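Participant: Read in order, the letters of the sequence shown correspond to residues 536 to 611 in this note's numbering.
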Amino acid sequence: NIDDSGWITLDRVTAFVGRNESGKTTLLKALHKFNPASKEPYDPMREFPRDRYMRDYIGGGSDGQCWPVCSVAFAI
536 NIDDSGWITL DRVTAFVGRN ESGKTTLLKA LHKFNPASKE PYDPMREFPR DRYMRDYIGG
596 GSDGQCWPVC SVAFAI
């Protein structure tokens, strides 16, 4: 899983390369949540990072709806 990848600059073709369990699929899933083909609601119980659940989700008193899944910025 990824806590914070920082900003990633994308070109016309971008490759994500890394060891197993380094977060490549997690990053792609977060990007998918930005613009999914079919709209399905964010389910924090299923999608919130398990290692942060007690510390941030429960401890922060959040219902999970205010946590960003993916932040994007476009330059035109």
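We treat Cβ as the ideally placed atom computed from N, Cα and C, and that holds for glycine. Just so you know, these numbers come straight off a predicted model, no measurement behind them.
#1: Check whether the Cβ of D546 lies closer than 8 angstroms to any heavy atom of the ligand PLP, and answer yes or no.
#2: By the three-class DSSP mapping on this structure, what secondary structure does E575 have?
#3: Please report the residue range of the alpha helix (DSSP H) in which L545 lies.
#4: Would you tell me roughly how many angstroms separate the C-alpha atoms of D539 and F569, rounded to the nearest one?
#5: Tell me which residue opens and which closes the alpha helix (DSSP H) that F569 is part of.
Facilitator: According to the structure data:
#1: Absence of the ligand PLP from the depicted structure is noted, as is the absence of any ligand whatsoever, leaving it without description.
#2: Within the sequence shown, numbered from 1, the residue matching residue 575 stands at position 40. It is coil, neither helix nor strand.
#3: Mapped onto the sequence shown, residue 545 falls at position 10. Here L545 belongs to no alpha helix (DSSP H), and DSSP marks it neither H nor E.
#4: On the sequence shown, position 4 is the one that residue 539 refers to. On the sequence shown, position 34 is the one that residue 569 refers to. So the two alpha carbons sit approximately 16 angstroms from each other.
#5: Along the sequence shown, read from residue 1 onward, the residue named residue 569 stands at position 34. Unbroken alpha helix (DSSP H) run through F569: 559 to 569.
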